[in-house]
Structure formats: structure tokens, C-alpha cells
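K.L.:
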Amino acid sequence: MRQHYMLGQYLRHRYKDFLNSSYDREEIYVRSTDVDRTLMSAQSDLAGLYPPREYQIFKPDLNWQPIPVHTVPAEDEKFLKFPIPNCPRFDKLLEESMNSKTVQDKVKENQALLDMVSERTKSKVTFQNVWKLYDTLLCEKIHNFSLPSWVTPEVIARLRELYDLSMETLFRIHETRVKSRLQGGVLLKQILQNITQAMNDTNSTPRLKLIMYSAHDTTLIALQIALNIYNGINPPYASCHMFELYQEDDGSFTLDMYFRNNTNSEAHLLVLPSCTEHCPLQNFIQNTKDLISDNRDEECKLSRDSKQKEAILIAALCICLVLLISLLITLCCCWNRKARHHRFPSNTEELA
């Protein structure tokens with residue numbers, strides 16, 4: 208909460224000549240995922256961005272005012288919480304990513320570590336869920352809790368390495384561009400729609416100046432991997448990715464991106480690899496168009512070839528299973544006949 212409050216103060220200073228000095232409901236729109244901590248983050252941020260002024264002070268000893276934060280139910284969230292579910296094609300790509308040599312080699316290399324922490328924590332820790340353990344230990348470390356003796360600097364470093372790799376496995380390793388169209392590109396599409404709307408509304412009054420999204424580390428990772436600007440390091444708490452739209456003297460528009468990933472530092476410039484600093488908006492849109500899906504629901508479906516391959520594989524497995532069962536039955540019948548012949552000789556044989 209303190210970090211987000213400080214982020215709000217930073218944004219107040221950064222945009223003091225752009226945003227109104229007091230809260231104006233026509234100027235800002237805030238959206239959060241329907242998760243307690245992201246809703247609280249947004250409100251902490253807004254407390255630093257818009258402390259009440261003059262008539263907005265409704266209680267003299269309270270330097271705060273209520274500002275709306277919008278959300279939708281988790282099952283209706285379409286572009287802020289990643290990975291976005293219910294996408295068979297992405298699930299298939301993720302499965303292939305998990306089976307990739309890069310991931311499998313790293314898992315084998317760290318299997319002894321995973322077994323050790325599973326024993327220590329009395330829970331099954333795997334590559335898929337290692338983020339839960341690392342996140343817990345990170346929170347305890349930040350808040351100066353006493354960590355268990357087995358949590359050495361080496362263990363923390365190796366868990367962090369697995370954690371970072373698990374995030375990259377979600378969105379980057381294997382078919383990155385396709386994954387981005389199905390994940391981070393969805394948020395990028397919304398952002399570009401917001402920017403286009405702002406560009407078209409420059410002469411309107413009132414005018415929306417700031418759209419703020421409060422979301423998750425995976426939200427930033429998915430977006431930055433799609434834009435090919437991710438540095439491979441999980442974003443720390445209160446990180447902020449900013450898109451700034453500028454109208455130049457000749458009337459054209461440019462788009463800058465800045466990233467603030469340290470509470471005590473200035474935001475640093477991010478440059479789209481295929482563009483330049485102060486990227487012309489049309490260039491930015493053109494250079495990222497392959498990330499934008501016109502019909503994500505359709506693209507999320509498995510291709511006919513994939514379905515055919517799966518159907519053939521299932522049919523082949525079924526046939527093999529039937530043959531195996533038939534073979535076992537035949538062997539059992541033969542064995543029974545031999546057993547009966549051995550244990551119950553004919554009368555003629557007994558007389559002889």
C-alpha cells in the first residue's frame with residue numbers, strides 16, 4: 208500500500224501539467240481485476256494521485272477521498288488477468304512449451320531441489336506451482352520474517368530462476384507470436400483502442416486523459432513479451448508500464464512507453480524494437496498489427512489438423528488397447544487349457 212501510494216505521488220508529479228490538480232471524474236477512468244489486492248492497490252495509488260483539495264475535503268483530518276474503481280466478475284475478465292482461460296489452442300501450446308527441451312532440462316537439473324522443498328514444506332512443489340512457494344518466501348523476506356533454516360540464499364536464487372522461467376514458459380518459450388495474439392495482444396488491442404479514442408477526442412470537452420489498469424505481474428509480463436521488450440525479470444510490486452500519447456507540432460501523433468519498476472527511481476524509456484524513441488503512432492500500430500486478433504475466440508479453437516491428429520492418435524491407442532486385451536484373453540485361454548490338461552489327466556492315462 209505504501210509503494211502504491213508513492214506511485215500515485217510520482218504520477219501526480221509526473222503529470223502535474225497534464226492532469227487537473229484535483230480529481231475530475233470526467234478526466235480519469237480506473238479499472239481493476241476483481242481481486243482484493245489489485246482493488247486495494249488501485250485505491251492506494253489514487254490516494255497518492257488525488258489527495259482531496261478545497262471543496263473535496265469532506266473530513267478535515269482525513270487526507271483521502273473516495274474515487275471509483277471499476278471491475279467485472281472474474282469469470283467476465285477478458286483482458287487484464289493472464290493467462291486468459293478457455294483457449295484450447297493456447298493450452299495446447301503451453302503443453303508443448305512444458306515438454307520443450309529447455310523446460311525439461313531445467314526441471315531435471317532442479318528436481319533434487321524440488322524434492323527437498325516438497326519435503327520441507329510438506330506439500331508437492333513442482334515446476335508448475337513453484338511460483339506459490341517463491342512468492343510466499345519473497346513476501347516473508349520483504350517483511351523481515353524469520354525464514355526457515357533451509358531457505359538459504361542459494362535456494363532462494365534457484366527458486367527465483369525457476370519462477371522466472373515458469374513465467375516465460377507461459378508466454379514466450381515456443382510459438383511466442385501465436386501465444387501473444389491469444390494473450391498479451393488482447394490487452395495491447397484494448398490499449399490501442401483507448402489511444403485511438405483519445406486521439407479522436409482531442410477537441411472534445413470533457414476529455415478523458417488517463418486510463419489506469421490495476422492488475423498482476425503476469426499482466427505486465429504478457430504485455431511486454433508481446434511487445435518484445437521483456438527483460439526476463441519478474442516485475443516487482445507497484446511496477447507501472449505507461450503509454451503516453453503526444454501530439455507533435457505538425458499535428459501528428461507519437462507514442463512513448465515508460466516503465467517504472469522501482470519505488471525510488473524514475474521511469475525508464477522502453478522502445479519498441481521495430482521503432483524509435485517517440486515512435487510515430489501509425490508506425491507503432493503497423494508494427495504490432497500481427498499481435499492483434501480480430502476474432503480471438505475463433506483463433507483459440509484447435510485447428511482441424513490438430514483435431515485430426517488427436518483423433519488418429521486416440522483411434523490408434525484404442526486399437527492397440529483392443530489388440531492388447533485380445534492377446535491377453537488368448538494367452539489366458541491357452542494357459543487355462545494347458546493347466547486343465549496338466550492337472551486333470553484322462554482316464555486312459557491314469558490306467559496306463
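Oh and the sequence shown: position 217 is 424 in the working numbering, straight run, nothing missing.
Note that beta-carbon positions come from the ideal geometry of N, C-alpha and C, so glycine has one too.
1. Assign residue 332 to buried or exposed, taking buried as 16 or more other Cβ atoms, counted over all protein chains shown, within 10 Å of its Cβ.
2. Rounded to the nearest angstrom, what separates residue 289 and residue 231 at their Cα positions?
3. Closer than 8 Å by C-beta to residue 365: which residues in its own chain qualify, once you throw out the five before and the five after it? Chain order, please.
4. From residue 269 to residue 374, what does the alpha carbon distance come to, in whole angstroms?
5. Contact between the segment 242 to 252 and the segment 414 to 421 is defined here as three or more beta-carbon pairs at a separation below 8 Å; is this criterion met?
6. My output table needs one value for residue 237: the three-state DSSP class, helix, strand or coil.
7. Given a threshold of 16 other Cβ atoms within 10 Å of its Cβ, counted over all protein chains shown, does residue 481 qualify as buried or as exposed?
8. Is it buried or exposed, residue 474, if we count other Cβ atoms within 10 angstroms and call 16 or more buried?
9. Tell me the DSSP secondary structure of residue 535 in three-state form.
10. Cutting at 6 Å between CB atoms, please list the residues of its own chain near residue 513, excluding the five before and the five after it.
11. For a test of the three-state rule: what should DSSP assign to residue 359, helix, strand or coil?
12. Put residue 517 into one of helix, strand or coil per three-state DSSP.
13. For the beta strand (DSSP E) containing residue 476, name the first residue and the last one.
14. Between the segment 281 to 301 and the segment 323 to 339, can you find at least three pairs of beta-carbon atoms closer than 8 Å?
15. When you compare only the Cα positions, how much space is there between residue 376 and residue 304?
16. Name the one or two DSSP bridge partners that residue 304 has.
17. Applying the 10 Å Cβ sphere with the 16-neighbour rule, what's the burial state of residue 554?
18. Given a threshold of 16 other Cβ atoms within 10 Å of its Cβ, counted over all protein chains shown, does residue 209 qualify as buried or as exposed?
19. Roughly how many angstroms lie between the CA atoms of residue 254 and residue 407, to the nearest whole one?
P.N.:
Answer, in terms of the structure:
1. buried
2. 31 Å
3. 317, 320
4. 41 Å
5. yes
6. strand
7. exposed
8. buried
9. helix
10. Any reading at residue 513 needs caution, since the residue's pLDDT is 48, under 50, leaving its predicted position unreliable; the model's value is listed next. Closer than 6 Å at Cβ, skipping near neighbours: no residue.
11. coil
12. Confidence at residue 517 is low in this model, with a pLDDT of 49, below 50, so its placement is unreliable and no value can be given for it.
13. 475 to 477
14. no
15. 6 Å
16. For residue 304, which the question treats as bridged, DSSP gives no partner whatsoever.
17. Only weak support is given to the placement of residue 554: the predicted model assigns it a pLDDT of 47, under 50, and the value that follows is read from those uncertain coordinates. Residue 554 comes out exposed.
18. exposed
19. 30 Å
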